[in-house]
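To convert, note that position 226 of the sequence shown is 1422 in the working numbering; the numbers rise steadily by one, no gaps. Taking it in order: structure first as structure tokens, then the write-up.
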Amino acid sequence: MNIAEKQAKKLIFDLVKYSDHANRSLTDGLKNKTIEQWFEQNKYPFKRLVSDTRDWGYTVPFVENTLDSKVYIKGAGIINVSDYQGEFESALEYRDAAINNADIETYNLCIAKLFASLASYLYHKAECYNAENEDKLEDAQGSSVSLDEKIKLWVPILSGGKELESSKKSWDLFQVQLAQCHKDAIHPQCSAQDLSSVELAEKVNDLRGGIINIMYELHVLLNDEIKSQLVRAVYFPDVYVSEVD
């Protein structure tokens, strides 16, 4: 699978600026042109790097941490990771399975995992905030605050006054996907709706511009280092249905 040259270049820049790589102390604050020079100085001609990165299986040197967020056990010790990262990676596995098998039920599991990841991320951020502030971020007594309301109400507090500035298209896709997630939770027997392979491919492609883009923008806004899996998910190649002769 390949991505466009423009997308490959943006992927490199975003991995440098936002991902959880080990060279952040060397790259934080670099502008795009300086990033290009940094790779050149480290023996990676930037034009060739962009060309290589177009191949979806290529790992960008120095700035792509490929470790996943599963729990690792070594000896008697267990390293725990945040639930939201594990949920996100499970969602990507369901996404890939939905593509490979043209399976709407697996796609619905992907959607459920993505929103579970987002909910867990916001809960984690609220916990951190509540530990240091008297004005707690909590669900209203007797009812929970919806995900979209948490983004509208909590994020400006968590970010020091900044709001999520997603495009209307991105927010509209997010709302449609959230509604579908709620529908599947209430009426799971109706979730396996009849969709053509082309329609399923469109839904998978819309994940990038909807829920995945919202999650990505939230991490950037809240100054959280981003797992490379999330950065890559924003640039995932288009899914299409090949014609069989």
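Glycine included, C-beta positions come from ideal geometry on N, C-alpha and C.
Can you pull the DSSP bridge partners for residue i?
i: N1198; result: D1251
i: I1422; result: S1215
Of the residues the options, which one's Cα is nearest the Cα of residue i?
i: I1300; options: A1327, Q1237, L1426 and E1395; result: E1395
i: Y1319; options: L1333, I1307, A1308 and N1329; result: L1333
i: N1326; options: W1350, S1340, F1311 and D1344; result: W1350
i: A1342; options: G1356, E1330 and A1312; result: Inspection of the sequence shows that residue 1342 is occupied by Ser rather than by Ala. Measuring from the Cα of S1342, the nearest candidate turns out to be A1312.
i: S1438; options: S1424, K1205 and A1397; result: A1397
Would you identify the three-state DSSP class for residue i, choosing helix, strand or coil?
i: S1215; result: strand
i: I1269; result: Because I1269 carries a pLDDT of 42, less than 50, the predicted location of this residue cannot be relied on, and no value is offered for it.
i: V1372; result: helix
i: G1357; result: coil
i: Y1240; result: coil
i: G1225; result: coil
i: D1402; result: helix
i: N1297; result: helix
i: P1352; result: helix
i: N1304; result: helix
i: F1311; result: helix
What does the Cβ neighbour count give for residue i, buried or exposed, with the cut at 16 atoms within 10 Å?
i: D1368; result: exposed
i: R1244; result: exposed
i: T1249; result: buried
i: A1322; result: buried
i: L1288; result: buried
i: H1415; result: buried
Which residues in the same chain have their Cβ closer than 7 Å to the Cβ of residue i, if we skip the five residues on either side of it in sequence?
i: I1295; result: V1400 and V1435
i: V1430; result: R1404, I1408, N1409 and Y1412
Grab me the residues of residue i's own chain with a C-beta within less than 8 Å of its C-beta, minus the 5 sequence neighbours each way, in chain order.
i: P1433; result: M1197, N1198, I1199 and W1252
i: Q1376; result: N1304 and I1307
i: N1219; result: F1258 and V1259
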